[in-house]
Amino acid sequence: MGILLVGMSHKTAPVELREKFSIPEDSLSGLLERLKSQAIQECMILSTCNRVEILTHSTHPEEGIHEIKNFLGSGNNTSLISLDPHIYVLQGEEAIRHLFRVSSSLDSMMVGEPQILGQIKNAYTIASENQATGPILNRLMHKAFAVAKRVKTETEIAKNAVSISYAAVELAKKIFEDITDKTVMLIGAGEMSELAAKHLMKNGAGKILVTNRTYSRAVELAQEFSGSAIRFEDFVNSLIRTDIIITSTGSPDYILHHHQVKDILHTRRNKPILMIDIAVPRDLDPEINKIDNVYLYDIDDLQSVVNTNIEGREKEAEKAGTIISEEVKAFLKWMASLEVTPLIVQLRERLDQIRQEELGKTLPRLNGISEQDKKAIESMSMSMINKILHGPTQALKMYSHRQEKETLIRILKEIFRLDESKED
Amino acid sequence: MPRKGKNITMILKIAMVFYLLSTIACLLYFVTPKNSLGRVYMVSAIIGFLLHTVALALDYVHSGHIPITNFQEGMSFFSWTIILVFLILEYQYKILILGSFIIPMAFIFLLYPALLPHEISDISPLLKSYWLAIHVSLAFLGDAAFTLAFAISIMYIMQDNQLKGRHFGPTFRKLPSLEVLDALNHRVITVGFLLLTLGIITGALWARVALGSYLQGDPREIWSIITWLIYAALLHGRLTVGWRGRRSAIMAIIGFSVLVFAFVGVNLFLSSYHNPERF
Numbered sequence: 376m377g378i379l380l381v382g383m384s385h386k387t388a389p390v391e392l393r394e395k396f397s398i399p400e401d402s403l404s405g406l407l408e409r410l411k412s413q414a415i416q417e418c419m420i421l422s423t424c425n426r427v428e429i430l431t432h433s434t435h436p437e438e439g440i441h442e443i444k445n446f447l448g449s450g451n452n453t454s455l456i457s458l459d460p461h462i463y464v465l466q467g468e469e470a471i472r473h474l475f476r477v478s479s480s481l482d483s484m485m486v487g488e489p490q491i492l493g494q495i496k497n498a499y500t501i502a503s504e505n506q507a508t509g510p511i512l513n514r515l516m517h518k519a520f521a522v523a524k525r526v527k528t529e530t531e532i533a534k535n536a537v538s539i540s541y542a543a544v545e546l547a548k549k550i551f552e553d554i555t556d557k558t559v560m561l562i563g564a565g566e567m568s569e570l571a572a573k574h575l576m577k578n579g580a581g582k583i584l585v586t587n588r589t590y591s592r593a594v595e596l597a598q599e600f601s602g603s604a605i606r607f608e609d610f611v612n613s614l615i616r617t618d619i620i621i622t623s624t625g626s627p628d629y630i631l632h633h634h635q636v637k638d639i640l641h642t643r644r645n646k647p648i649l650m651i652d653i654a655v656p657r658d659l660d661p662e663i664n665k666i667d668n669v670y671l672y673d674i675d676d677l678q679s680v681v682n683t684n685i686e687g688r689e690k691e692a693e694k695a696g697t698i699i700s701e702e703v704k705a706f707l708k709w710m711a712s713l714e715v716t717p718l719i720v721q722l723r724e725r726l727d728q729i730r731q732e733e734l735g736k737t738l739p740r741l742n743g744i745s746e747q748d749k750k751a752i753e754s755m756s757m758s759m760i761n762k763i764l765h766g767p768t769q770a771l772k773m774y775s776h777r778q779e780k781e782t783l784i785r786i787l788k789e790i791f792r793l794d795e796s797k798e799d
Numbered sequence: 022m023p024r025k026g027k028n029i030t031m032i033l034k035i036a037m038v039f040y041l042l043s044t045i046a047c048l049l050y051f052v053t054p055k056n057s058l059g060r061v062y063m064v065s066a067i068i069g070f071l072l073h074t075v076a077l078a079l080d081y082v083h084s085g086h087i088p089i090t091n092f093q094e095g096m097s098f099f100s101w102t103i104i105l106v107f108l109i110l111e112y113q114y115k116i117l118i119l120g121s122f123i124i125p126m127a128f129i130f131l132l133y134p135a136l137l138p139h140e141i142s143d144i145s146p147l148l149k150s151y152w153l154a155i156h157v158s159l160a161f162l163g164d165a166a167f168t169l170a171f172a173i174s175i176m177y178i179m180q181d182n183q184l185k186g187r188h189f190g191p192t193f194r195k196l197p198s199l200e201v202l203d204a205l206n207h208r209v210i211t212v213g214f215l216l217l218t219l220g221i222i223t224g225a226l227w228a229r230v231a232l233g234s235y236l237q238g239d240p241r242e243i244w245s246i247i248t249w250l251i252y253a254a255l256l257h258g259r260l261t262v263g264w265r266g267r268r269s270a271i272m273a274i275i276g277f278s279v280l281v282f283a284f285v286g287v288n289l290f291l292s293s294y295h296n297p298e299r300f
């Protein structure tokens, strides 16, 4: 019995592989159904552009791992062997720690970025709506949200967040000295891309064009940014007057190709263009970066920009690590207490059985006794049980996370003849 | 051949030591994140430059003509002009990292004139003319501008490589934006081109006055015209078809290589009346 987590993230797999495994939200409920099995009691699927993770509670971890891997492999043509180096399998304490780190945005590409928590909450909601989660994952996820909140309020991680938007602005300023006379084009909508656009505008970018497959959405967004909306069919032509592109559409194919950009550059007389592709799968053909004066970055590339900023945050990450360790310990304690719960229940049942038997023998022999007296005798026997059970219960809970637990359980079982009573 | 005054050689040596100090500081500034080194290298460069200026001025007073009449003097004078142009640019644009490319060059150019026994050439009476000062100053300033353009182009390519290749090294933050480098490159090349043009015109006029015809078919003349053509093509390409960025930078580097050959190669390997010692 234990928590089991299998996944791949930006740290283990390149974007080309991740985009193959990303799971669209509307197919989640069917997949959750498929995932639950003999070995997997509870499960949840998290799929963002940086990671795909499957979190389960499994009574038979070995089988569970096997099933999850099969599950991951089934939707793709990728063979499982070639996948192995990109996948991590975590169990028990490791899995819990990882989950807490991810929710606290410590494992994010942009450490401290706030979106991941929302994405996890969303994944959890879908899982619980599909009855894929149970008491263990419910408790674990609520704990994860609490840990994220603690890390956010007690450390500077979030404040220090070097977000994608920050990286985008930094790149813009190394290509264009001054962005006040530059035009930004936002293609598609999405929290991350909108954030990047907002950040560029805040840093003085001159103008913004917004386009979307749904024109009304473009108009809406354009209003929000006080920019102008353009039709999706026209966006390529408008690139001639665009200096910075931020794109994040849900398109499965590239929306812009090498030869198109080459023509645009020619018409622009080689004025540089910065392209930021936040979409997974990617929107822009990576070949585009080979054109002179075009600078294309996908989500992985932004990582390296961010890496140059990492220094001062290590101390805060350490602090966050301590918080997480504390919380992991607390959760493990709770998990262990779950293991002793059945014994406590068994004990109580055993004593209650004795009580019922003795009452059954005694009460009929007492003639002329009032209902009131009967009740008094019953409640007295009940409180005797409670008093007797109090000691062992406390002891079990106290020792639940220690080595001596096993001994204690054995002794209790022997004293109260629990195993025999089961056979009765 | 008469020796130069001991004082002048001494001053030149001290100037060279300051350039050396500045070179060490600016190279360290280039590779480490320490910004305080920037100040160290600028201060030593300025002191070196002032001393260098004094040495040149004393030389002028001493000999009665601008001290560029032999290879040694030419190197010293060239070293001085590139620092001069660098300081002007630094004052205007505050691109501290530019010095990391220029100061070491200036130091190397000054090594030979500062360390070898300094000689004064007996110059041909033909060269004792105000034309010398005008023609040579223009040509040297033009060359200095092209040297700066070369350094800026190298910086452009470094920054472009970092941006294109997504390898952000320690210089990423110190190097200016591509837009600034490209604009500055264009400006410096334009100025250098004007100076070179004027240098060639004054040279031709001087040749007409002194030798009877505009062109002597001298290797230095020919190579100067080749250099001029390269930079002319570069500027033309920018105006007409929008050559910019990396392409301009590469052209500027090619132009500079030709220029170095015209300066060093011609003096060392080819017979030319631009090399007064072989005149």
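Chains G and F supply the protein sequences, listed in that same order. As numbered in this note's numbering, the first sequence has no gaps in its residue numbers, which increase by one up to the final residue, 799. As numbered in this note's numbering, the second sequence has no gaps in its residue numbers, which increase by one up to the final residue, 300. All C-beta atoms, glycine included, are put in the ideal place defined by N, C-alpha and C. Quick caveat, the model's predicted, so the values are computed rather than measured.
Taking a cut-off of 8 Å for Cβ pairs, the region 434 to 448 of chain G and the region 509 to 518 of chain G do not touch, as fewer than three such pairs fall below it. Y133 of chain F counts as exposed, since fewer than 16 other beta carbons sit within 10 angstroms of its beta carbon. Taking CB atoms only, G266 of chain F has a neighbour in chain G less than 7 Å away.
With a threshold of 7 Å between beta carbons, G263 of chain F makes contact with chain G. Non-local C-beta neighbours of V157 of chain F in its own chain, meaning closer than 7 Å and more than five positions away in sequence, comprise I87 and I89, ordered along the chain. Taking the CA atoms as reference points, S756 of chain G sits about 7 Å from R730 of chain G. Where Q506 of chain G is concerned, there is no enclosing alpha helix (DSSP H), because DSSP gives it neither an H nor an E. Straight through space, the alpha carbons of L236 of chain F and A76 of chain F are spaced by roughly 34 Å.
Rounded to the nearest whole angstrom, the CA to CA distance from L492 of chain G to Q466 of chain G is 21 Å. The beta-bridge partner set that DSSP reports for Q466 of chain G consists of G:L379. Contact between the region 541 to 557 of chain G and the region 510 to 529 of chain G is absent: fewer than three C-beta pairs spanning the two stretches fall below 8 Å. DSSP places C424 of chain G outside both helix and strand once states are collapsed to three, so it counts as coil. Distance from the CA atom of F122 of chain F to the CA atom of L169 of chain F, rounded to whole angstroms, is 9 Å. Beta-bridge pairing by DSSP links L649 of chain G to G:I619 and G:Y670. The shortest CA-to-CA distance from A523 of chain G to any of G:D658, G:E599 and G:D482 is the one to G:D482. Non-local beta-carbon contacts of L787 of chain G in its own chain, meaning distances under 8 Å to residues more than five positions away in sequence, involve L718, L722, P767, L771 and L793 in chain order. Three or more beta-carbon pairs drawn from the region 646 to 663 of chain G and the region 618 to 633 of chain G are found closer than 8 Å, and the two stretches are therefore classed as touching.
Within the same chain, and ignoring the five residues on either side of A547 of chain G in sequence, the residues whose Cβ sits closer than 7 Å to its Cβ are I554, L575, I619 and L649. Three or more Cβ pairs closer than 8 Å define a contact, and the region 274 to 291 of chain F falls short of that threshold against the region 218 to 232 of chain F. Close to chain G, meaning a Cβ-Cβ distance shorter than 9 Å, are the following residues of the region 171 to 193 of chain F: Q180, D181, Q183, L184, K185, R187, H188, F189, G190, P191 and F193. Its Cα nearest to that of V381 of chain G, the residue G:G448 stands out among G:G448, G:A695, G:M484 and G:P399.
Just measuring C-alpha positions, the residue of G:F600, G:R643, G:L430 and G:R588 sitting nearest N612 of chain G is G:R643. The C-beta of E94 of chain F comes no closer than 7 Å to any C-beta of chain G.
M516 of chain G and I495 of chain G have their C-alpha atoms roughly 9 Å apart. For a cut-off of 8 Å, the C-beta gap from I471 of chain G to I378 of chain G is around 6 Å, short enough to register as a contact. Interface flag for F551 of chain G against chain F is set, since a Cβ pair is found closer than 7 Å. By the Cβ-count criterion, Q728 of chain G is exposed, with fewer than 16 other Cβ atoms from all chains shown falling within 10 Å of its own Cβ. Collapsing the DSSP output to three states places M419 of chain G in a strand.
Taking C-beta separations shorter than 7 Å and ignoring five residues to either side along the sequence, the partners of H461 of chain G in its chain run M383, T387, A388 and L392, following chain order. Annotated as proximal: L162 of chain F and T102 of chain F, with beta-carbon spacing under 7 Å. For R606 of chain G, the enclosing beta strand (DSSP E) starts and ends at S603 to R606.
Note on geometry: alpha-carbon atoms of I420 of chain G and S402 of chain G lie some 11 Å from one another. For M560 of chain G, the enclosing beta strand (DSSP E) stretches over residues T558 to I562. For I583 of chain G, the pairing in a beta bridge is given by DSSP as G:V559. In this structure T697 of chain G is exposed. Its beta-carbon is surrounded by fewer than 16 other beta-carbon atoms within 10 angstroms. A distance below 7 Å separates the beta carbons of I532 of chain G and A695 of chain G.
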